[in-house]
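A quick write-up on the structure given underneath.
In our numbering, the protein residues as written are 136 to 450.
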């Protein structure tokens with residue numbers, strides 16, 4: 136338990152530093168964007184590559200992939216059914232809401248928590264690859280086929296459909312993961328001259344991601360009356376912070392017989408908040424932006440006590 140407390144203390148302090156940097160604007164107006172792009176294009180691919188090359192390949196293609204990916208799909212479908220029957224939302228809003236309820240923040244918070252709390256980055260790798268290679272393309276194609284905004288235009292819609300297929304193959308995190316998987320499958324370690332720079336860049340991923348996350352928390356009002364779709368946000372939040380960890384516990388505990396640290400890790404990952412990718416998608420298609428934004432921020436705050444409870448019960 137002391138390791139969990141220590142890990143969260145480290146995370147909160149660095150996020151707090153990022154928040155203060157944002158409030159004081161010491162790094163300028165574009166600090167969040169620059170740090171986020173550095174993490175996305177350089178540091179996280181390097182971290183993923185190094186982690187996969189130096190770990191057992193069976194860890195990636197394991198029950199963790201089935202548990203994490205399967206539970207995300209189930210929760211997303213549950214949101215779609217409830218929001219359709221209860222709130223009578225249209226398909227684009229259902230797609231964004233389903234992602235908000237189930238798409239885990241596996242980079243900005245997932246990797247730091249996997250490293251500092253779970254002491255193993257490989258726990259997050261299967262979910263990260265599932266979301267980028269499978270979940271995102273499904274959502275993007277659904278949005279492309281159902282969004283009827285004239286401003287998008289036919290040419291843009293065709294380009295977007297192409298992007299939905301091609302983007303995962305050009306995503307730097309995917310490329311880092313695929314490269315790591317390929318090298319690991321070959322069974323040969325790269326020379327130190329290659330592994331060492333990857334390790335150094337990968338080590339910068341966590342602190343930079345936490346600083347960027349702290350920067351993103353400044354100056355944003357959430358759940359604003361008259362603007363936010365409160366019922367949609369509440370539904371997505373409960374499913375993400377409560378239902379998804381419970382479902383993962385049931386699947387992992389009684390479906391796969393997991394106990395101890397492995398069970399704890401699976402449930403903690405499920406309790407991570409909504410990823411900022413969902414807001415990116417909603418902005419691209421001009422649908423449910425407030426839902427995506429507010430759910431991401433509320434689940435981020437809600438994940439703190441949720442993970443603390445999980446740690447008390449399972450750590």
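Every residue gets a Cβ at the ideal spot worked out from N, C-alpha and C, and that includes glycine. Small disclaimer: the values here were computed from a predicted structure and weren't measured.
Under the DSSP assignment, residue 354 falls outside any alpha helix (DSSP H); it carries neither an H nor an E label. Taken through DSSP and simplified to helix, strand or coil, residue 418 comes out as helix. Here DSSP, grouped into helix, strand and coil, assigns residue 252 to coil.
Contact fails between the region 185-199 and the region 219-229, because fewer than three Cβ pairs, one in each stretch, are under 8 Å apart. Around the beta carbon of residue 366, a 10 Å sphere encloses fewer than 16 other beta carbons of the protein chains shown; the residue is thus reported as exposed. In the DSSP secondary-structure assignment, residue 144 is not bridged to any residue. Per DSSP, the continuous alpha helix (DSSP H) segment holding residue 185 begins and ends at 179-188.
Residue 239 is bridged by DSSP to 409. In the displayed model, residue 280 falls within a helix according to three-state DSSP.
For residue 387, no alpha helix (DSSP H) encloses it, and the DSSP letter there is neither H nor E. Counting C-beta pairs with one atom in each stretch, the region 149-166 and the region 316-329 have fewer than three that are closer than 8 Å, which means they do not touch. A straight-line Cα-Cα distance of about 14 Å links residue 179 and residue 169. When DSSP states are grouped into helix, strand and coil, residue 307 belongs to the helix group. Around the beta carbon of residue 264, a 10 Å sphere encloses 16 or more other beta carbons of the protein chains shown; the residue is thus reported as buried. Judged by pairs of C-beta atoms under 8 Å, the region 392-408 does not touch the region 325-340, as fewer than three such pairs exist. If you look at residue 332, you'll find it in the alpha helix (DSSP H) that goes 327-338. Nearest neighbour of residue 229 by Cα position, chosen from 364, 393 and 350, turns out to be 364.
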